[in-house]
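S.K.:
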Amino acid sequence: MAFPIPKTQTVALVRTLGGRVEFIDDYPVRTPGQDEVLAKILYSGVCQSDLHTRAGTAAGADGNPITAIKLPHIGGHEGVGRIIALGPGLAERDPSIQVGGLVGIRFSSRVCRRCEYCLKGEEQYCQGVGIKPTNHLHHEDGSFQEYICLDAGYITLLPQDVDPVLAAPTLCAGLTAYKSVKNAAVKPGQVVVVVGAGGGLGQYAVQYALAFGARVIGVDGGQQKHDFVTSFGAEFVDFRECPDVVAKVQDLTTGGAHAVIVAAASSAAFSQAASMLRIGGTMCLIGIPPGGGHIDTTVAEIVIKGITIIGNLVGNLGECLDAVELVRTGKVKPKVFVRPFRDLSKVYEELERGDVAGRVVLMIGEDPGSHM
Ligand SMILES: [Zn+2]
Ligand SMILES: [Zn+2]
639 MAFPIPKTQT
649 VALVRTLGGR
659 VEFIDDYPVR
669 TPGQDEVLAK
679 ILYSGVCQSD
689 LHTRAGTAAG
699 ADGNPITAIK
709 LPHIGGHEGV
719 GRIIALGPGL
729 AERDPSIQVG
739 GLVGIRFSSR
749 VCRRCEYCLK
759 GEEQYCQGVG
769 IKPTNHLHHE
779 DGSFQEYICL
789 DAGYITLLPQ
799 DVDPVLAAPT
809 LCAGLTAYKS
819 VKNAAVKPGQ
829 VVVVVGAGGG
839 LGQYAVQYAL
849 AFGARVIGVD
859 GGQQKHDFVT
869 SFGAEFVDFR
879 ECPDVVAKVQ
889 DLTTGGAHAV
899 IVAAASSAAF
909 SQAASMLRIG
919 GTMCLIGIPP
929 GGGHIDTTVA
939 EIVIKGITII
949 GNLVGNLGEC
959 LDAVELVRTG
969 KVKPKVFVRP
979 FRDLSKVYEE
989 LERGDVAGRV
999 VLMIGEDPGS
1009 HM
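Each residue of the sequence shown is one higher than the last, beginning at 639 in the numbering used here.
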């Protein structure tokens, strides 16, 4: 028995930047091309950058808004789906890709595999030799739809026994945090401060740093975030109650933290990060504030303390699978709230207010099961 493939599907469509999310129930289901698979999407996390893309407020590397966005647009780049059909001849060409398998829908969609970044395993920065690289945030429709075609040559095959609900947000938030912890290069027992510890990205940064053996101090605001962050085994500093967070971190450590991971999306969160660091410490930046943001740190402090500053845009496919593996084995347990697909607009509003402790995952469709 083959999986049924409908002609039309429900999608969450945005027609103009800044426009509202419209649910359309008769959107066409694409037929997979030669080197594509068709997946039925089960779950999708909701990332802060989906919100900014919809609103037209996503900042590019030059600090200006990214406006070259496919319209109408379907967001979502933290999706998990079930492969339900293969493009013509693909089964013969690549028996490792099977109908019934779990697949990820991530930020990176198509990469060239030939440019200097692809060749050194940083394909998320692909500059495109021969083909134009695409992502699910700006160029291709993402996981806020029931069915999607994916490039078989750059496919995210997930282990069959991973929980798709927990895997979904790991594909962007988890991977981004995992890569930042890797960049921090902390040794067991060293101190990592995570600013914005109770958010979607922060919770992962806290747990991956703990999994790497670090002592973790989470900075965030409110009792709910306190309870959440400490439940993982991290210490907590409440910036709403603590008049001097830098002094508090210095107090809790001997000479400051080895690394500070800034996972918050407000500019203010970045300004104090360097001062929490010890000499030779590393500042890892992953959240992007609206308008691009600036770090208000003196050059003197960076030079005299010998501080390293590292940013990262998600991570590569191999790192993604490593991040998923720590979730599959239960070493990292992301806190997620499963909501119906049609709650997307409400979820965006909650994210804008900063109300979400953990990650919202939308249930997009029923799992047809792995067996034919
Ligand atoms: Zn994202
Ligand atoms: Zn490339």
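Where is the CB? At the ideal position from N, CA and C, for every residue including glycine.
Report the three-state DSSP secondary structure of L1049 (helix, strand or coil).
M.R.: Outside the shown range of the chain (639 to 1010) lies residue 1049, about which nothing can therefore be said.
S.K.: Residue ranges of each beta strand (DSSP E) run of no fewer than 3 residues wholly in the segment 904–989, ordered along the chain?
M.R.: Here the runs fully enclosed are 915–923, 946–949, 974–978.
S.K.: Along the chain, where does the beta strand (DSSP E) containing P666 start, and where does it finish?
M.R.: P666 -> beta strand (DSSP E) spans 659–666.
S.K.: Thinking C-alpha only, which one of G725, P826, F877, S1008 is nearest A852?
M.R.: The shortest Cα separation from A852 among G725, P826, F877, S1008 belongs to P826.
S.K.: Under 9 Å between the Cβ atoms of L680 and I786?
M.R.: The answer is no: Cβ separation not under 9 Å.
S.K.: Can you grab the Cα-Cα spacing for the pair Y846 / E784, in whole Å?
M.R.: Those two C-alpha atoms are separated by around 31 Å.
S.K.: Let me check understanding here. Comparing Cα to Cα, which of C810, C750, I933, R658 lies closest to L839?
M.R.: Of the listed residues, the one whose Cα sits closest to L839 is C810.
S.K.: Out of curiosity, what's the CA-to-CA distance linking M921 and E957?
M.R.: Cα-Cα distance, rounded: 20 Å.
S.K.: In this structure, how does DSSP classify D865 when only helix, strand and coil are distinguished?
M.R.: Helix at D865.
S.K.: Run the proximity test for V832: is its beta-carbon closer than 8 Å to any non-hydrogen atom belonging to ligand 2?
M.R.: V832: no, Cβ never under 8 Å from ligand 2.
S.K.: Could you check how far apart the C-beta atoms of G725 and A790 are, in whole angstroms? I think they sit under 8 Å.
M.R.: Yes, they are in contact, since the Cβ atoms of G725 and A790 sit about 7 Å apart, within 8 Å.
S.K.: Helix, strand or coil, according to DSSP, for N702 in the structure here?
M.R.: Residue state, collapsed to three classes: coil.
S.K.: Could you say which of Q762, T891, G714, G860 lies nearest to T814 if we only look at CA atoms?
M.R.: Looking at the Cα atoms, Q762 is the closest of the given residues.
S.K.: Report the three-state DSSP secondary structure of Q647 (helix, strand or coil).
M.R.: Reduced to three states, the DSSP call for Q647 is strand.
S.K.: Just to check, is the beta-carbon of F745 closer than 8 Å to a non-hydrogen atom of ligand 1?
M.R.: At least one heavy atom of ligand 1 is nearer than 8 Å to the Cβ of F745, so yes.
S.K.: Start and end of the beta strand (DSSP E) containing H896?
M.R.: Its beta strand (DSSP E) spans residues 895–900.
S.K.: What residues in its chain sit with their C-beta under 7 Å from that of Q644, if we drop five residues either side in the sequence?
M.R.: A small fix is needed here, since residue 644 is Pro in this sequence, not Gln. Cβ neighbours of P644 beyond the five flanking positions: V667.
S.K.: Please name the residue or residues paired with H711 in a DSSP beta bridge.
M.R.: The partner list for H711 (beta bridge, DSSP) reads V652.
S.K.: Out of C750, G759, C756, L757, point me to the one whose CA is closest to G768's CA.
M.R.: Nearest of C750, G759, C756, L757 to G768, Cα basis: C750.
S.K.: Give me the Cβ distance between I899 and I924, rounded to the nearest whole Å; I'm assuming they're in contact under 8 Å.
M.R.: Right, their Cβ atoms sit about 7 Å apart.
S.K.: Which residues count as close to ligand 1 when the rule is a CB under 5 Å from any of its heavy atoms, in chain order?
M.R.: Cβ atoms closer than 5 Å to ligand 1 belong to C685, S687, C810.
S.K.: Does DSSP put Q765 in a helix, a strand or coil?
M.R.: Three-state result, Q765: coil.
S.K.: Using DSSP with H/G/I as helix, E/B as strand and the rest coil, what is R731?
M.R.: R731: helix per DSSP, three-state reduction.
S.K.: Going by DSSP, which residues form a beta bridge with T794?
M.R.: Its beta-bridge partners are G742.
S.K.: Given 8 Å as the limit, is there contact between the segment 890–899 and the segment 827–837, that is, 3 or more CB pairs closer than that?
M.R.: Yes, the segment 890–899 is in contact with the segment 827–837.
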